[in-house]
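Trainee: Chains as they are written, first to last, in our numbering: chain W, 1 to 494; chain V, 1001 to 1313.
Heads up, the beta-carbon is just placed ideally off N, CA and C, and yes, glycines get one too.
This is the structure, below, for whatever I ask next.
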């Protein structure tokens, strides 16, 4: 009898355990692979800090319009990087996702077959969209096929300094030209400020380094290998960062500035300098006519933004923001996605909804055709334009009624790319990392041991780089470089 | 009579089982089920969009053997990284026993309950701070320009130290921080063990003329041994794992400090932060756990040889 009882007890345990396992397995298996063919398109875009407060309301307003015009609605989600990576890696269902050279890597995912091949569909179903993107389709081609939709925005990187004009021009009587002659040309301004304020640091610097300081190079494997834009040889040559004199000089300049006290001594450990608005010199990457750096109400002084190099156009810069359509989409779904993006690219009023919110509540149109956001817009719906569709088709924003945006800004910017743009020789080339992934991962770890102090000027490149080089060579750097060059040669022959 | 007894026993078991159900569910779903993730370490994980995870893992991804482990051994710094990991963990293991036991013994001698309670609260408090906060508090002391320590150095006529670029101090700083943060919590465990020791033993010893030190040596320490052994064995299991927050957040990921702050977890993070490669991270943690598990079993076997009562299994 005792034995019987005990075995019943055992059965209960067994029952409980198997129930738990069933329950847990259930949660693992459901949750994935569901939700196909539900009506609105699941469109996942990026936001580090979650959706803007009025996102639901704005998306509903946009859906009302698009439902009427093309019969398509979207469910737009704002997700952080980790969520997007996880979604891609776990095979979760989505229709459209943000993809780029810096977030949710386009080349790698496209190579793996994660995105829908839209080469034929985009030409036959949405010719207006195809037309609008023109030569920039090249950056979305992988093995000759179009695997994503480039978002038309600033396609090149124009490097600029953001200077306190009230101080430098007003108090010191120093002229700030439209264009500074190179990276180092800002030095007199730094010097002048330091002389007046010996306890302060005139150049804003955070551990990420100067914004876009490597944009003058094509970068491979996270910037360990670079391809200079202008070269003597016919076939573009990849080289190690330590062989790139221009970059090394930039590191040396930064270190000189660090020693001179222009850069905060702890810069390599500082996450952000955004809260200290008194800093008179900052780096910026933008385009001609960009006003986002210039709000005097925010900064407490007038800002002038002389450019110092660029605009640089490379595969990476053109891939600044793209939309990928999931390879798991049906043909009909893919067409719906394309139609939706076409509408965003052709209908300005519609585009302005996802860009700025609801007219009258979040923003108003000004007489010159630009947009002025209201306080509600600033507080409750501020979204980077490149996250919700083509930037060039959204209205240009003004800072205030006094500082108006130029409604023809984008025509000028794109003209500038044609006339002044510095194009990389390897714009169509992308490096397939799969063969050397272990080496890249190991090199990445080594690079991260030095990079923050190099790009903030904290360490002396002539001391640190040889150490880094030695470690990298031991981890298989030369093998990687040879592989990169091999792929460049093969691409160039085609 | 016998029947009644066993029926009663069955019912209490059932109730106890019900009580432990949440814990069982938790362990099954968060500790046992994810074990299948080990497979990631041996696969080249290539998911197909729209397919469920299980199909992506088992069907869509090819087996690659030990290839995913190789990135760990490509770094010429690996010996140093392993040394750092083992060095800090060994120091923490030893100090994490000596200091809390020492403090627990002293605290047990304090008769004022208010004072004793106050000391406990103050000592446990740091345990609940996150490393990010601790990191920035420390920055308040060590910042080159505005930091308190450099202020004092300047007042005393010295020159400012670039703390975040001076690796020579950091072994000490890290150990100090870890001890400061964890001591209170481990001390509580030993304090509980000490208070559960039969008081009459101490009284007898005192009547026999034993001094305080003799009582500690012959009563407290021997009776604490099983607790110490248990904690020792458990901590040995994570000898190759390191507290990421301590080694990454507290030094603010300063490059110059990397020779003394880089442990295995930091290395894996540095290598994989650019892109999410599940196979590589699975390989790294699998390796850590294999080493941890073997160390745990070895230590347990040794302790069983020495003192069977103190071992775990």
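Closer than 8 Å, Cβ to Cβ, to anything on chain W: give me those residues from the segment 1141 to 1163 of chain V, in chain order.
Mentor: 1143, 1144, 1145, 1162
Trainee: By DSSP, does residue 99(W) sit in helix, in strand, or in coil?
Mentor: strand
Trainee: Answer with buried or exposed for residue 264(W), where buried requires no fewer than 16 other C-beta atoms within 10 angstroms of its C-beta.
Mentor: buried
Trainee: Our contact map puts residue 142(W) next to residue 281(W) with C-beta atoms below 8 Å; I'd like the distance itself, whole angstroms only.
Mentor: No, residue 142(W) and residue 281(W) are not in contact; Cβ-Cβ is about 40 Å, not under 8 Å.
Trainee: So what's residue 1144(V) in DSSP terms, helix, strand or just coil?
Mentor: coil
Trainee: For a test of the three-state rule: what should DSSP assign to residue 160(W), helix, strand or coil?
Mentor: strand
Trainee: Between which two residues does the beta strand (DSSP E) holding residue 507(W) run?
Mentor: This structure cannot settle anything about residue 507(W), because the visible part of chain W is limited to 1 through 494.
Trainee: Checking the sheet assignment: what are the DSSP bridge partners for residue 322(W)?
Mentor: 99(W), 150(W)
Trainee: How far does the alpha helix (DSSP H) with residue 375(W) in it reach, from first residue to last?
Mentor: 375 to 380
Trainee: For residue 307(W), report the span of its alpha helix (DSSP H) as first-last.
Mentor: Unbroken run through residue 307(W) is the beta strand (DSSP E), 307 to 313; no alpha helix (DSSP H).
Trainee: Between 92(W), 392(W), 396(W), 107(W), which lies nearest to residue 364(W) when the distance is taken from Cα to Cα?
Mentor: In this structure, 396(W) is the residue among 92(W), 392(W), 396(W), 107(W) with its C-alpha nearest to the C-alpha of residue 364(W).
Trainee: Tell me the DSSP secondary structure of residue 239(W) in three-state form.
Mentor: strand
Trainee: Straight-line CA distance for residue 406(W) to residue 289(W)?
Mentor: Cα-Cα distance, rounded: 7 Å.
Trainee: Mind checking residue 297(W): buried by the 16 CB within 10 Å criterion, or exposed?
Mentor: exposed
Trainee: Give, in chain order, every unbroken run of the alpha helix (DSSP H) that is at least 4 residues long and sits entirely within the segment 1262 to 1311 of chain V.
Mentor: 1264 to 1272, 1278 to 1306
Trainee: DSSP puts residue 79(W) in a beta bridge; with which residues?
Mentor: 46(W)
Trainee: Which residues share a DSSP beta bridge with residue 1152(V)?
Mentor: The partner list for residue 1152(V) (beta bridge, DSSP) is empty, contrary to what the question assumes.
Trainee: Report yes or no: do the segment 117 to 132 of chain W and the segment 88 to 101 of chain W share at least 3 C-beta pairs separated by less than 8 Å?
Mentor: no
Trainee: Could you compute how far the alpha carbon of residue 1248(V) sits from the alpha carbon of residue 1231(V)?
Mentor: 25 Å
Trainee: Output yes if chain W places a C-beta closer than 7 Å to the C-beta of residue 1271(V); else output no.
Mentor: yes
Trainee: Going along chain W, which residues have a C-beta under 7 Å from residue 1043(V)?
Mentor: Correct list: empty, because the minimum Cβ distance to chain W is about 12 Å.
Trainee: Closer than 9 Å, Cβ to Cβ, to anything on chain V: give me those residues from the segment 437 to 455 of chain W, in chain order.
Mentor: Hits within the stretch, in order: 437, 438, 439, 440, 441, 442, 443, 444, 445, 446, 447, 448, 449, 450, 451, 452, 453, 454.
Trainee: With distance defined between alpha-carbon atoms, name the residue in 1285(V), 1224(V), 1219(V) nearest to residue 1187(V).
Mentor: 1224(V)
Trainee: Going along chain W in order, which residues have a C-beta closer than 8 Å to the C-beta of residue 1309(V)?
Mentor: Per Cβ cutoff of 8 Å: no residues; residue 1309(V) is ~28 Å from chain W at best.
Trainee: Since residue 1265(V) and residue 1242(V) are thought to touch, with beta carbons under 8 Å apart, how far apart are those beta carbons, to the nearest angstrom?
Mentor: 5 Å
Trainee: Note down, in chain order, all residues in the segment 106 to 120 of chain W with a beta-carbon under 7 Å from any beta-carbon belonging to chain V.
Mentor: 112, 114
Trainee: Measure the Cβ-Cβ separation of residue 357(W) and residue 381(W) and say whether it is below 7 Å.
Mentor: Between residue 357(W) and residue 381(W), the C-beta gap is smaller than 7 Å, which places the two residues in contact.
Trainee: Does the beta carbon of residue 1265(V) sit closer than 7 Å to a beta carbon anywhere in chain W?
Mentor: no
Trainee: Give every residue of the same chain whose Cβ lies closer than 6 Å to the Cβ of residue 416(W), excluding the five residues on either side of it in the sequence, and list them in chain order.
Mentor: Leaving aside the five residues that flank residue 416(W) on each side, the residues in its chain whose CB is nearer than 6 Å to its CB run, in chain order, 288.
Trainee: If we cut at 7 Å on Cβ distances, does residue 265(W) have a partner in chain V?
Mentor: yes
Trainee: Apart from the five residues on each side of it in sequence, which residues of its chain come closer than 8 Å, Cβ to Cβ, to residue 1038(V)?
Mentor: 1282, 1286
Trainee: Along the chain, which unbroken stretches of the alpha helix (DSSP H) at least 4 residues long are found entirely within the segment 1159 to 1218 of chain V?
Mentor: You should have 1170 to 1195, 1199 to 1207, 1212 to 1215.
Trainee: Please determine, among 391(W), 139(W), 404(W), the residue with the shortest C-alpha to C-alpha distance to residue 410(W).
Mentor: 391(W)
Trainee: For residue 1254(V), which residues in chain W fall below 7 Å Cβ to Cβ?
Mentor: Simply 268, 269.
Trainee: Whole angstroms are fine: how far does the CA of residue 181(W) sit from the CA of residue 234(W)?
Mentor: Using only the alpha carbons, I get a separation of about 28 Å.
Trainee: Expressed to the nearest angstrom, what Euclidean distance is found between the alpha-carbon atoms of residue 1310(V) and residue 1303(V)?
Mentor: 7 Å
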